[in-house]
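A.B. asks:
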Amino acid sequence: MWTRENYITVALWAAFTLPLAGWGCAPQGMSDDASEEHHIPPHKPPDLPSAIVQLERRFIALAQPHAATQPEFAVRLQELIEIVRWLPELAGDSDLPEAQWNVVYQAAQRLEPLLQAQYARVQRGHRAEMRAVQQRFDATLAQLRAIAWSQPLEEDLPGGSFPGNQP
Amino acid sequence: MIQTALYGGGLRLVQALVLAAPTILVSLFVTGVLARLLGPELTRRLYGGSGWRSLVQSWTLGMLLPGCSLGVIPISRELCRAGLGGSAVLAFALTQPLFDPLSVLYGLTLGKPLIVFAFAGCSLVLVMVVGALWDRLHPSLTIPQPAQVPVQAGWPRLLSMLLVVLREAAGPTMAYIGIGLMGTALLGALLPSGALSRAMNGGNPWAPWTMTWVAIPAYATPTLAMSQLGSMFQHANSAGAALQLLTLGAGLNLGLLACILAAYGWRRTLTWLGLLLVASLSMAYALDRPLHPQDVDPADHTHAFDIYCCPFHTNDSHLALIAQQRFREACAPPHAIPVWVLGALVFLGVVLRAADPQHRLERWLEAAELSKAAARYDVNIPAPLVGGLLLVGIVTLSIVGCYAYYPHKHEVFQEMQIIRAEALLAAIRNDARKATHYIELWDAWTRRLEVGVLLREWQLTPYRKIKAKILRDKLELLRHEVESGDRDATKVMVRQVNEAYVRLQKAFHPQAPPLASRDE
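Protein sequences appear in the order of chains A and B. Residue numbers for the first sequence follow the numbering used here, so the first one is 15 and each next one is one higher. Residue numbers for the second sequence follow the numbering used here, so the first one is -8 and each next one is one higher.
1. Am I right that D279 (chain B) and N192 (chain B) are in contact with their C-beta atoms under 8 Å? What's the rounded C-beta distance?
2. Could you work out which residues of chain A lie near A180 (chain B), taking near to mean beta carbons separated by less than 7 Å?
3. Is the shortest distance between the beta-carbon of Y454 (chain B) and the beta-carbons of chain A less than 7 Å?
4. Along the segment 274 to 290 of chain B, what residues have a CB closer than 8 Å to any CB found in chain A?
5. Could you give the C-beta distance for S94 (chain B) and P213 (chain B), rounded to a whole number, given that I count them as a contact under 8 Å?
6. On a CA-only basis, which of B:M(-8), B:A(-4), B:L19 and B:Y167 is nearest P329 (chain B)? Give me that one, please.
7. Is there a Cβ of chain B sitting closer than 7 Å to that of E93 (chain A), yes or no?
8. Given a cut-off of 7 Å on the beta-carbon distance, is the pair T260 (chain B) and I251 (chain B) in contact?
9. To the nearest angstrom, how far is it from the Cα of A241 (chain B) to the Cα of L61 (chain B)?
10. Contact defined as beta carbons within less than 8 Å: I believe F83 (chain B) pairs with L70 (chain B). What is the distance between those atoms, to the nearest angstrom?
11. Does A121 (chain A) come within less than 7 Å of chain B when only Cβ atoms are used?
12. For R411 (chain B), which residues from the same chain have a beta carbon less than 7 Å from its beta carbon, with the 5 sequence-adjacent residues on both sides left out?
13. Can you pull the chain B residues whose beta carbon is under 9 Å from the beta carbon of H53 (chain A), in chain order?
14. To be precise: take each residue of the segment 95 to 108 of chain A, compare its Cβ to all Cβ atoms of chain B, and keep it if any distance is under 7 Å. Which residues remain?
15. Is the distance from the Cβ of L149 (chain B) to the Cβ of I207 (chain B) below 7 Å?
16. Could you compute how far the alpha carbon of M484 (chain B) sits from the alpha carbon of R470 (chain B)?
17. So is K458 (chain B) buried or exposed if we call it buried at 16+ other beta carbons inside 10 Å?
18. Are H226 (chain B) and T305 (chain B) closer than 7 Å when you measure CB to CB?
19. How far does the alpha helix (DSSP H) with T512 (chain B) in it extend, from its first residue to its last?
20. Does the segment 65 to 78 of chain A come into contact with the segment 459 to 467 of chain B, if we say contact requires no fewer than three beta-carbon pairs (one atom in each stretch) closer than 8 Å?
21. Short of 8 Å in beta carbon distance, which residues of its chain neighbour W200 (chain B), apart from the five on each side in sequence? Order them along the chain.
22. Mind checking whether V147 (chain A) and A88 (chain A) have CB atoms under 7 Å apart?
23. How many Å lie between C322 (chain B) and V156 (chain B) at the Cα?
24. Between E112 (chain A) and chain B, is any beta-carbon pair separated by less than 7 Å?
25. Mind checking T83 (chain A): buried by the 16 CB within 10 Å criterion, or exposed?
26. Determine which residues share a DSSP beta bridge with N192 (chain B) and list them.
27. Note the first and the last residue of the continuous alpha helix (DSSP H) segment covering C393 (chain B).
28. Just checking, does the segment 338 to 351 of chain B make contact with the segment -8 to 8 of chain B on the three C-beta pairs under 8 Å criterion?
29. Assuming the contact rule is C-beta atoms closer than 8 Å, P92 (chain B) and G98 (chain B) should be a hit. Round their C-beta distance to whole Å, please.
30. Measuring CB to CB, does A73 (chain B) end up less than 7 Å from T34 (chain B)?
31. Quick one: what does DSSP say F20 (chain B) is sitting in, helix, strand or coil?
32. Taking CB distances under 7 Å as the criterion, tell me whether W163 (chain A) reaches chain B.
33. Within a Cβ cutoff of 7 Å, which residues of the same chain sit near Y119 (chain A), ignoring the five residues on either side of it in sequence?
34. Give the interface partners of K400 (chain B) over in chain A, defined as CB-CB distance under 8 Å, in chain order.
35. Need the endpoints of the alpha helix (DSSP H) that P325 (chain B) sits in, please.
36. Can you name the residues of chain A whose CB is closer than 9 Å to the CB of R494 (chain B)?
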C-alpha cells in the first residue's frame, strides 16, 4: 500500500536524479594531467603607472563623440571599470607606503561607481555621458599620477640575498 | 593503477582520521556530559524539545559547539536517546559541523566576509524548511527511552560519565565513524589526482550538481571547508558549489547517513535526504549568480579539492616510498596524539564491553551510596549545573583556543620565515611535491596572520589585506610554475614571491629586523 510519504519520497528522488540523464559521463576536468594556468586578461596593466596611462587613453577614446558602436562601447567601458578595480592590487604590488596606497584605494572606490553608473546607462540602451564625469575623472587621475611618478624605481628589496633572487 | 588507488585511499583515510580525532574526542566528552550530568529531561529542554523552537535552538547550539560531521555522531545518538524530536536531532546533526569559532574567524579573511554570514543564514533556512516538511510527513517522531537513574555526586558521577564515553567509543558510533572515513578513502581511491580542479569553475552549470555528489561522501572539518571556500572565492569558482561544499561537505558524510538510517529507517532517511538535496540544490542554483564574485579574475581551476582526489599520479615512480613518506608526515607526533588517545579509549571501551556487557557497573554506581556525605565546605553541586558549566566551558575554551590557533604576528612571522625558506628552496630545486606542501602551509599562515591581527588589534586595514592577498596570488602562480617544470619562470616567481613577502612583513610588522640579517 503506497502512502502519501512514499509518493513524496519517490518524487523527490526523481527530481534529484533525473538531471543525471543529461550529465554525461564525467564532469569537466576529470583527468589526471590537466595543465592548469591562470588566465590574465590582455587588458590588465603590469603596474600602477601603466594602469594610469591606460585609464587616461581609454577614457579619452570613450569620451569621443560616436566613439564606438553600442556593444563595443559597453565592452570597452567594462574593461575600463576592471582597470579601475585592479588599481589597489597594482599599487599594493609595489613599495608604495600605506598613506599613499590609501589614496589610490580611495580613488578606485570613487571612480568605480562613477563608471558603473555610465555602464548601467549603456546597458539600458542610453548613451553614456562620459563628458559629465570627465572633470572628476581627470582630477582623480592627476592625484594618481602624482603618486605613481613620485615613487622611486623598483629597487632591490631586503632579502635579496636569497638564492634564486637574481633574475 | 590499483596500487595507486589503494595507497591514495589509505592516505586520505589516515589524513581524515587525524583531522577528525580532536573533535571526536570533544564530542565523546559532550556525550558523557549530556548523558550523565544533564540527563534526558534537561537535554530536551536545552535543545527545545520539538516544533519550530527546537529547530532554531538546535541550530544555535550547533553553531556554538565545536565539532565536525564525524564528531556529531555520538552527540546525535545521545539526543535520540534523550527523546528529542527527529527533525531537531537532524537539524543539530547538520549544522553543528558547519561552523565553529575557528572557522568563522578564518572566514573573515575571505574577500567578502559577509558571505560567511550569508551561508550561515542559508543553513538556518535549510534546516528549518527540511525540518518542518519532515515533521509534517513524520509527526512527533521520537524514540522512547527508559528513565535514567541519577548517580551520586563525586567520583561515582565522574566514573559513570567515563563509562558512557568508553562504551560509546567502542560501540556503534565508532562503526559509523569508520563508514564516514571510508567515504573519504573511496573518493581518494576513485578520483584521479586533480580530477576536480576544473569541475567547479564559475559559470559551469554542473558545478553545484557535481559538488553535491562529491560532498556527500567527503569529510571536511569546518576550518578545512572554510579554507576551501576561501580558495573558491579567490578563484571565482561557482558560489553554488561553495554552498553545497559547506552544507553537505562539512555537514554530512556516509557515516552520519548510516547513523540516521539506523535510527529512523530507510523510508524516513530517504525522505529526509531527498528533501535536503532538493532544498540545498535549489538554494545553491538560486544563489550561484548573486553571490558570484564579480571583482575577481576567474581562474580556470582550483586546488581546493585536491584533498578529495588521489594524492598520487598513476605515473609516479617509487610510489611505495612516496606513500610511506606521506603517511609519516600525516602521523607526525603533534597531530597523532589525539588519534592515540582515541585509540586508547576504543581499546578500554572494548575491554569494558567484553568484561561487563550487562552494564552491571553502571547499575552498581546508580544503586549504591558510595562516597561520604558532603562535609560543610564540600558543597554538593547539582549534576545539571556541572553539566551546564562544562558545556559553557567547552564553548569558552574553543573561543580562547582561537588565540592559540591564530597567534601573535611575531610568532606567525617566525613560522613563515622557516616555511618561506623551505618553499623557495624546494621551488628552486624543482621539487614540486615539497614546494606544493610548503606553499599550501605558507598560504594558510597568511590567513592565520590576518585573523591573529584582527583578534588582537580589532581591525585589519585594506592595505594589510591587499598585501596578504597579493602574496597568496603569487604563491599560487609559483606553484604552477614549479608544477610545470619551467625553471626560468620559477626563478622569476621566486623573486616575486620573496618581494611580496617582504612587503607583507613591512605592512604587518614594520619593526621586524630585515630578512637578510634574520637569515644569517
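Beta carbons: idealized from backbone N, C-alpha and C, even for Gly. Quick caveat, the model's predicted, so the values are computed rather than measured.
C.D. replies: Result, derived from the coordinates:
1. Numbered from its first residue, the second sequence carries residue 279 (chain B) at position 288. Numbered from its first residue, the second sequence carries residue 192 (chain B) at position 201. The C-beta separation of D279 (chain B) from N192 (chain B) comes to about 12 Å, leaving the pair out of contact by the 8 Å criterion.
2. Working through the second sequence from its first residue, we reach residue 180 (chain B) at position 189. Ordered by position in chain A, no residue passes the 7 Å Cβ test against A180 (chain B), which lies about 14 Å from the chain.
3. On the second sequence, residue 454 (chain B) is found 463 positions in, with the first residue counted as 1. True, the Cβ-Cβ gap to chain A drops below 7 Å.
4. For the segment 274 to 290 of chain B, which is checked against every Cβ of chain A, the residues closer than 8 Å are D286, D288, P289 and A290.
5. If you number the second sequence from 1, residue 94 (chain B) lands on position 103. If you number the second sequence from 1, residue 213 (chain B) lands on position 222. The distance from the Cβ of S94 (chain B) to that of P213 (chain B) is about 4 Å, consistent with a contact at the 8 Å cut-off.
6. Start at 1 with the first residue of the second sequence, and residue 329 (chain B) comes out as number 338. Of B:M(-8), B:A(-4), B:L19 and B:Y167, the residue nearest in Cα terms is B:L19.
7. Your numbering for residue 93 (chain A) matches position 79 in the first sequence. By this cut-off, E93 (chain A) is not an interface position.
8. For the purposes of this step, residue 260 (chain B) is taken as residue 269 along the second sequence, with counting starting at 1. For the purposes of this step, residue 251 (chain B) is taken as residue 260 along the second sequence, with counting starting at 1. A contact, by the Cβ cut-off of 7 Å.
9. Along the second sequence, read from residue 1 onward, the residue named residue 241 (chain B) stands at position 250. Along the second sequence, read from residue 1 onward, the residue named residue 61 (chain B) stands at position 70. Their Cα atoms are separated by approximately 10 Å.
10. If you number the second sequence from 1, residue 83 (chain B) lands on position 92. If you number the second sequence from 1, residue 70 (chain B) lands on position 79. At roughly 6 Å, the Cβ-Cβ gap stays under 8 Å, so F83 (chain B) and L70 (chain B) are in contact.
11. Stepping through the first sequence from its first residue, residue 121 (chain A) is reached at position 107. By this cut-off, A121 (chain A) is not an interface position.
12. Position 420 of the second sequence holds residue 411 (chain B). Hits under 7 Å: W433 and Y492.
13. Position 39 of the first sequence, counted from the first residue, corresponds to residue 53 (chain A). What H53 (chain A) touches in chain B: D288, P289, A290 and D291.
14. Residues passing the 7 Å Cβ filter: R99, P102, E103, G106 and D107.
15. In the second sequence, counting from the first residue as 1, residue 149 (chain B) sits at position 158. In the second sequence, counting from the first residue as 1, residue 207 (chain B) sits at position 216. Not in contact: L149 (chain B) and I207 (chain B) (Cβ atoms no closer than 7 Å).
16. Your numbering for residue 484 (chain B) matches position 493 in the second sequence. Your numbering for residue 470 (chain B) matches position 479 in the second sequence. Their Cα atoms are separated by approximately 9 Å.
17. Within the second sequence, numbered from 1, the residue matching residue 458 (chain B) stands at position 467. It counts as buried.
18. Within the second sequence, residue 226 (chain B) is the residue found at index 235, counting from 1. Within the second sequence, residue 305 (chain B) is the residue found at index 314, counting from 1. Contact flag unset, no.
19. Any question about residue 512 (chain B) goes unanswered here, given that chain B covers just -8 to 511.
20. Counting C-beta pairs with one atom in each stretch, the segment 65 to 78 of chain A and the segment 459 to 467 of chain B have fewer than three that are closer than 8 Å, which means they do not touch.
21. Position 209 of the second sequence holds residue 200 (chain B). Closer than 8 Å at the Cβ level, and outside the excluded window around W200 (chain B), lie L272.
22. Counting from 1 along the first sequence, the entry for residue 147 (chain A) is found at position 133. Counting from 1 along the first sequence, the entry for residue 88 (chain A) is found at position 74. Contact check for V147 (chain A) against A88 (chain A) fails: the beta carbons are separated by 7 Å or more.
23. For the purposes of this step, residue 322 (chain B) is taken as the residue at position 331 of the second sequence. For the purposes of this step, residue 156 (chain B) is taken as the residue at position 165 of the second sequence. Distance between the alpha carbons of C322 (chain B) and V156 (chain B) is about 24 Å.
24. Residue 112 (chain A) sits at position 98 when you count from the first residue of the first sequence. True, the Cβ-Cβ gap to chain B drops below 7 Å.
25. Residue numbering aside, residue 83 (chain A) sits at position 69 when the first sequence is read from its first letter. Here T83 (chain A) is exposed. Its C-beta has fewer than 16 other C-beta atoms within 10 Å.
26. Position 201 of the second sequence, counted from the start, is the residue given in the question as residue 192 (chain B). The partner list for N192 (chain B) (beta bridge, DSSP) reads B:N228.
27. Numbered from 1 along the second sequence, position 402 holds the residue referred to as residue 393 (chain B). From DSSP, the alpha helix (DSSP H) with C393 (chain B) extends over A374 to Y396.
28. Touching, no.
29. The count along the second sequence starts at 1 and reaches residue 92 (chain B) at position 101. The count along the second sequence starts at 1 and reaches residue 98 (chain B) at position 107. Rounded to the nearest angstrom, the Cβ distance from P92 (chain B) to G98 (chain B) is 11 Å, too far for a contact under 8 Å.
30. For the purposes of this step, residue 73 (chain B) is identified with residue 82 of the second sequence, where counting begins at 1. For the purposes of this step, residue 34 (chain B) is identified with residue 43 of the second sequence, where counting begins at 1. A contact, by the Cβ cut-off of 7 Å.
31. Along the second sequence, one-based indexing puts residue 20 (chain B) at 29. F20 (chain B): helix per DSSP, three-state reduction.
32. Position 149 of the first sequence holds residue 163 (chain A). At a cut-off of 7 Å between C-beta atoms, W163 (chain A) does not count as an interface residue with respect to chain B.
33. What you label residue 119 (chain A) is simply residue 105 of the first sequence in a count that begins at 1. Around Y119 (chain A): P102.
34. Sequence index remark: in the second sequence, residue 400 (chain B) carries index 409 (1-based). Here the premise fails: no neighbours, minimum Cβ distance about 16 Å.
35. Taking the second sequence and counting its residues from 1, one reaches residue 325 (chain B) at position 334. For P325 (chain B), the enclosing alpha helix (DSSP H) stretches over residues P324 to A346.
36. Residue 494 (chain B) sits at position 503 when you count from the first residue of the second sequence. One finds G106, D107, S108, D109 and L171 in chain A with Cβ atoms closer than 9 Å to the Cβ of R494 (chain B), taken in chain order.
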